[in-house]
Amino acid sequence: MEQKKKKPVVLYVFLGLYLLFVAVSFIINFEPGKTIFDHFTLFVVDMFKLFPAAFILVGLFMVWVDRGVVERYFGEYSGFRGHLLAILLACTTLYPFVVVLPMASDLYKKGAKLEIVLTYLGASAICRIPMTIFEATFLGIPFTIIRYAVSLPLIIVSSIVIGKLMKKKQAKMG
179 MEQKKKKPVV
189 LYVFLGLYLL
199 FVAVSFIINF
209 EPGKTIFDHF
219 TLFVVDMFKL
229 FPAAFILVGL
239 FMVWVDRGVV
249 ERYFGEYSGF
259 RGHLLAILLA
269 CTTLYPFVVV
279 LPMASDLYKK
289 GAKLEIVLTY
299 LGASAICRIP
309 MTIFEATFLG
319 IPFTIIRYAV
329 SLPLIIVSSI
339 VIGKLMKKKQ
349 AKMG
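The sequence shown lines up with residues 179 to 352 when you count with my numbering.
Below, the structure written as structure tokens:
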């Protein structure tokens with residue numbers, strides 16, 4: 179018996195409501211609706227400018243970085259150094275979080291320890307260079323240092339705990 183694919187009805191409903199809202203906004207000259215449409219359009223255009231370069235870089239990483247290198251620096255025996263290198267790699271990420279996910283997936287497929295991949299994901303949300311510069315400029319360097327001193331150890335500890343829990347769960351399942 180063939181199973182039908184479920185269509186994302188909720189997505190279509192929200193998309194339809196949005197388009198209806200925008201159309202009505204332009205018809206009745208509702209400025210907030212027009213502004214929402216302008217901002218959304220600007221966001222989509224910016225994303226389409228950004229994603230090709232980002233995915234080319236991710237693709238180059240997937241092709242050029244050897245499995246042995248990933249295993250050596252991020253693998254099972256990398257220890258605490260692997261977490262530090264994952265944080266450094268995450269700091270160099272300039273793109274949105276959506277680009278970080280394929281990188282994390284490829285790291286894991288090439289032999290990186292799950293704990294270190296989780297550290298990379300957490301650190302990429304916290305310590306990107308442009309965000310750090312912006313934060314230090316407006317909130318001050320002491321604030322940025324304190325935030326890193328608190329956040330990064332928590333990321334490492336939580337990554338280790340989650341990694342060990344996942345390893346136990348995998349052992350039970352398989």
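We put the CB at the ideal spot given by N, CA and C, even for glycine.
Can you name, in chain order, every residue of its own chain whose Cβ lies under 7 Å from the Cβ of residue i, other than the five neighbours on each side?
| i | result |
| --- | --- |
| F252 | G260, L263, A264, L285, A290, K291 and I294 |
| P308 | L272 |
| L198 | none |
| R306 | C269, T271 and L272 |
| V200 | G211 and F215 |
| Y298 | A264, L267, A268, A282 and L285 |
Compare the beta carbon distance of residue i and residue j with 9 Å and say whether it is the shorter of the two.
| i | j | result |
| --- | --- | --- |
| L296 | S336 | yes |
| K288 | V243 | yes |
| G300 | I333 | yes |
| Y326 | I340 | no |
| G211 | F221 | no |
| F229 | M281 | no |
What residue range is occupied by the uninterrupted alpha helix (DSSP H) comprising residue i?
| i | result |
| --- | --- |
| F199 | V187 to I205 |
| S337 | I319 to M351 |
| T297 | L292 to I304 |
| S283 | F275 to K287 |
Between which residues of its own chain and residue i is the CB-CB distance below 6 Å, once the five residues before and five after are set aside?
| i | result |
| --- | --- |
| E254 | K291 |
Near residue i, what residues of its chain come up, given a Cβ to Cβ distance below 8 Å and the 5 sequence neighbours on each side ignored?
| i | result |
| --- | --- |
| E313 | F321, T322 and R325 |
Exercise for the section: Pick out the complete alpha helix (DSSP H) segments inside the region 210–268, 4 residues or longer, and give them in chain order. Expected result: 245–252
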